[in-house]
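Scroll down for the structure; my scribbles are underneath it.
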Amino acid sequence: MNINTTYTSVVLTTPNQRIIQDKTITKDKDQTVIQSTNDFVSESDKMMKILDEKYQKINEQNKQFKDPQGHIFDKYRNPYSSYFRSDLTKSERDAAYSMEISWANSGTGGYYSFNDAAFRNKKAYNPEQESIERKAFNRQKVNEQLHSLFSKNGVTLPNGTSLTLTIDPNNFKLIFSGSKDEALINQLESLLNADNNSRELFFHIMKSRSDDSTQFSNAKLDKFHLVNQIKTITGYNLKDLEIVNGKFITEDGTDIFNIYKEKLDQNPYTKDHVGAAIGYYGPILHELAKNGFDSIPDLTLSILYEDNQLKDIGQSINYSKTL
């Protein structure tokens with residue numbers, strides 16, 4: 027039996043970010059094999075660990091002074107102090123000052139600067155390259171998970187087989203095309219539509235998109251996140267609701283937006299942020315109800331499976347070939 031507890035977490039945002047994201051805690055392990063996110067240890071993770079270890083020790087040293095913050099100021103801001111770190115560059119002093127103050131204030135740090143002297147001779151951190159490496163790592167893992175799933179279930183793909191996997195964002199139903207072997211197609215669809223496999227694969231495709239991907243648009247993404255948000259909070263799928271007088275209405279005639287607001291207010295994770303959520307998702311919901319659910323195409327996503335690996339569609343980068 028699969029017992030999943032779904033809750034909603036509030037995320038501090040800019041206007042281009044999501045206000046509320048749904049998360050799922052799996053209490054009893056299900057048969058989901060595909061994992062859209064895997065344990066990738068990035069270069070920045072390694073660098074942050076180095077900084078944590080360094081400044082935890084320095085913080086203990088600073089505590090030996092009567093005025094730890096004053097001592098930190100002397101080290102990095104007062105050139106007349108005997109403690110002044112003249113051996114550091116200005117950017118290194120600024121980095122050290124900010125991190126030591128963070129540790130002094132919180133006791134656990136939380137602020138990181140890669141301008142620290144610990145990385146003086148290290149190649150400059152490249153977030154774009156790290157993003158590519160993260161996506162390639164997850165692609166490698168998902169390919170391995172697919173191989174394992176097929177192998178355990180006795181699935182053998184004939185040489186030269188090229189299949190297209192397409193996933194509906196409203197129910198995460200996956201379909202295969204590209205083969206006339208109906209038995210093979212039925213077996214593959216049965217495996218990948220079990221538990222959360224197709225959902226995880228959908229989010230893997232999302233996380234693997236490059237800037238030039240033709241499968242994505244802001245309007246499609248907004249619609250997807252709105253539908254996912256409403257379904258997570260209320261249990262209703264907007265696709266299944268009737269539109270009456272510019273509103274999505276449930277079977278008993280209730281405006282779904284009223285149900286959404288009520289559920290947010292009742293949820294301990296979101297009740298303090300109802301206004302922000304309503305302010306963000308309300309206008310998107312209003313426009314979709316005014317123009318019709320199909321006025322914006324669904325974020326239907328596809329990916330190839332050939333040569334025993336996934337291959338990205340509609341973009342210049344294929345993350346199966348970047349490692």
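Just so we're aligned, residue 27 is where the sequence shown starts under our numbering, counting upward by one. By construction, the Cβ of each residue, glycine as well, lies at the ideal position given by its N, Cα and C atoms.
Since PHE274 sits in a beta bridge, which residues does DSSP pair it with? Working through the sequence shown from its first residue, we reach residue 274 at position 248. ILE269.
Could you tell me which uninterrupted alpha helix (DSSP H) segments, each at least 4 residues in length, are contained entirely in the stretch 66 to 127, listed from first to last along the chain? Entirely contained in the stretch 66 to 127, the alpha helix (DSSP H) runs reaching 4 residues are, in chain order, 69 to 88 and 94 to 103.
Spatial distance of HIS312 from ILE259 (CA atoms): As a position in the sequence shown, residue 312 is number 286, starting the count at 1. As a position in the sequence shown, residue 259 is number 233, starting the count at 1. For HIS312 and ILE259, the distance between alpha carbons rounds to 17 Å.
Enumerate, from N- to C-terminal direction, the unbroken alpha helix (DSSP H) stretches of 4 or more residues contained entirely within the stretch 211 to 280. The DSSP assignment places 223 to 233 and 244 to 260 as complete runs of the alpha helix (DSSP H) inside the stretch 211 to 280, in order along the chain (cut-off: 4 residues).
What residues are listed by DSSP as bridge partners for ILE201? Within the sequence shown, numbered from 1, the residue matching residue 201 stands at position 175. According to the DSSP secondary-structure assignment, ILE201 is paired through a beta bridge with THR192.
Inside the stretch 138 to 186 only - alpha helix (DSSP H) runs reaching at least 4 residues: Assignment of alpha helix (DSSP H) within the stretch 138 to 186, counting only whole runs of 4 or more residues, yields 153 to 178 in chain order.
For ASN104, which option in VAL270, PRO294 and ARG119 has the closest C-alpha, if you only look at C-alpha atoms? To locate residue 104, count along the sequence shown from 1; it is residue 78. Comparing Cα positions, the closest option is ARG119.
Which residues in the same chain have their Cβ closer than 8 Å to the Cβ of SER361, if we skip the five residues on either side of it in sequence? This structure cannot speak to residue 361, because the chain is shown only from 27 to 349.
Cα separation between LEU330 and THR190? If you number the sequence shown from 1, residue 330 lands on position 304. If you number the sequence shown from 1, residue 190 lands on position 164. Each residue's alpha carbon lies about 5 Å from the other.
How would you call PRO153, buried or exposed, if buried means at least 16 neighbouring beta carbons within 10 angstroms? Here residue 153 refers to the residue found at position 127 of the sequence shown. So PRO153 counts as exposed.
Measure the alpha-carbon distance for ASN88 versus GLU159 and round it to whole angstroms. Along the sequence shown, one-based indexing puts residue 88 at 62. Along the sequence shown, one-based indexing puts residue 159 at 133. About 38 Å.
Rounded Cβ spacing between LEU252 and SER224 (contact assumed at less than 8 Å): As a first step, residue 252 must be located in the sequence shown, where it is residue number 226. As a first step, residue 224 must be located in the sequence shown, where it is residue number 198. LEU252 to SER224, Cβ: 21 Å. No contact.
Measuring CA to CA, which of LYS83, GLY180 and ALA122 is closest to TYR102? By one-based count along the sequence shown, residue 102 stands at place 76. That would be ALA122, whose Cα lies nearest to the Cα of TYR102.
For the structure I just gave you, are there three or more beta carbon pairs, one from the stretch 269 to 278 and one from the stretch 231 to 250, closer than 8 Å? By the criterion of at least three beta-carbon pairs nearer than 8 Å, the stretch 269 to 278 is not in contact with the stretch 231 to 250.
Proximity to SER139 [Cα-Cα], best of LYS80, GLU170, HIS230 and HIS173: Taking the first residue of the sequence shown as 1, we reach residue 139 at position 113. Ranking the options by Cα distance to SER139, first place goes to LYS80.
Report the partner residues of TYR331 according to the DSSP bridge assignment. The sequence position of residue 331 within the sequence shown is 305, counting from 1. Bridge partners of TYR331: LEU189 and LEU336.
Assigned secondary structure, LEU325 (DSSP; H/G/I helix, E/B strand, else coil): What you label residue 325 is simply residue 299 of the sequence shown in a count that begins at 1. Taken through DSSP and simplified to helix, strand or coil, LEU325 comes out as coil.
Are there 16 or more other CB atoms within 10 angstroms of the CB of GLN171, so buried, or fewer, so exposed? Working through the sequence shown from its first residue, we reach residue 171 at position 145. The residue is buried, with at least 16 neighbouring Cβ atoms inside 10 Å.
Using the rule of at least 16 other Cβ atoms within 10 Å of the residue's Cβ for burial, across every protein chain shown, is LYS92 buried or exposed? The residue given as residue 92 occupies position 66 in the sequence shown. Here LYS92 is exposed. Its C-beta has fewer than 16 other C-beta atoms within 10 Å.
Spatially closest choice to LYS83 from PHE176, MET125 and THR63, by CA coordinates: By 1-based counting over the sequence shown, the position of residue 83 is 57. With distances taken between Cα atoms, LYS83 lies closest to MET125.
ILE304: which of ASP207, ILE282 and LEU114 sits nearest, CA to CA? As a first step, residue 304 is located in the sequence shown; it is residue number 278 there, counting from the start. Considering only alpha carbons, the answer is ILE282.
Taking all protein chains shown into account, decide if SER346 is buried (16 or more other Cβ within 10 angstroms of its Cβ) or exposed. What you label residue 346 is simply residue 320 of the sequence shown in a count that begins at 1. Buried is the call here.
Would you call the stretch 287 to 299 in contact with the stretch 337 to 344, where contact means no fewer than 3 C-beta pairs closer than 8 Å? The stretch 287 to 299 vs the stretch 337 to 344: no contact.
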